[in-house]
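Residue numbers (our numbering): 15 to 159.
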């Protein structure tokens, strides 16, 4: 495994974050403006190995006194099962806990069996399913304390 470089999203890396998101979640593609908006309210990061984009992550902080943060890690298919997701998840979960979260949730597109397997192997259990009104999905929300 090559050393992983994980960094917060900047204007220079918005397109990389968007690319990884849209490859892994084709049912809900985002524009650059939507990614910019998300970066204003969430902590977004991109990951690289040997200068190549590996994936991206999102940490939605707890809001309004809630103990719940959402951590979503997306690893591009060609880079899965190499430990990158593990490293990205550990970093994102630690960030969520530092923001005061005692419960971490994640959201996975139901068709992403690798993502579901990863979440379940890390102790997450399904708590909800969301079917977008415009079609696609469903998205599965999983949680762990």
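In this text, a Cβ means the ideal position worked out from N, Cα and C, and glycines have one as well.
Can you tell me whether DSSP reads residue 69 as helix, strand or coil? strand
For the putative contact between residue 49 and residue 110, defined by C-beta atoms under 8 Å, what is the C-beta separation to the nearest angstrom? Not quite, the Cβ-Cβ distance comes to about 20 Å (not below 8 Å), so this is no contact.
Counterpart residues of residue 139 in DSSP-defined beta bridges: Note: residue 139 sits in a beta bridge opposite 157.
CB contact flag (residue 87, residue 103, <8 Å): yes
Could you check if residue 93 is buried or exposed, using at least 16 other CB atoms within 10 Å of its CB as the buried criterion? buried
Just to confirm my understanding: we take residue 18, look at its own chain, exclude 5 residues before and 5 after, and list those with CB closer than 8 Å. What are they? 61, 62, 63, 68, 98, 101 and 102
Using DSSP bridges, identify the partner residues of residue 20. 61
Go through the stretch 27-111 residue by residue and report every complete run of the beta strand (DSSP E) that reaches 3 residues or more, in order. 57-63, 66-74 and 82-89
Less than 8 Å between the C-beta atoms of residue 55 and residue 44, yes or no? no
In terms of alpha-carbon separation, which member of 120, 28 and 152 lies closest to residue 138? 120
Taking its Cβ as the centre, do 16 or more other Cβ atoms sit within 10 Å of residue 129, making it buried, or is it exposed? buried
My output table needs one value for residue 119: the three-state DSSP class, helix, strand or coil. strand
Do residue 85 and residue 76 come within 8 Å of each other at the CB atom, strictly closer than that value? no
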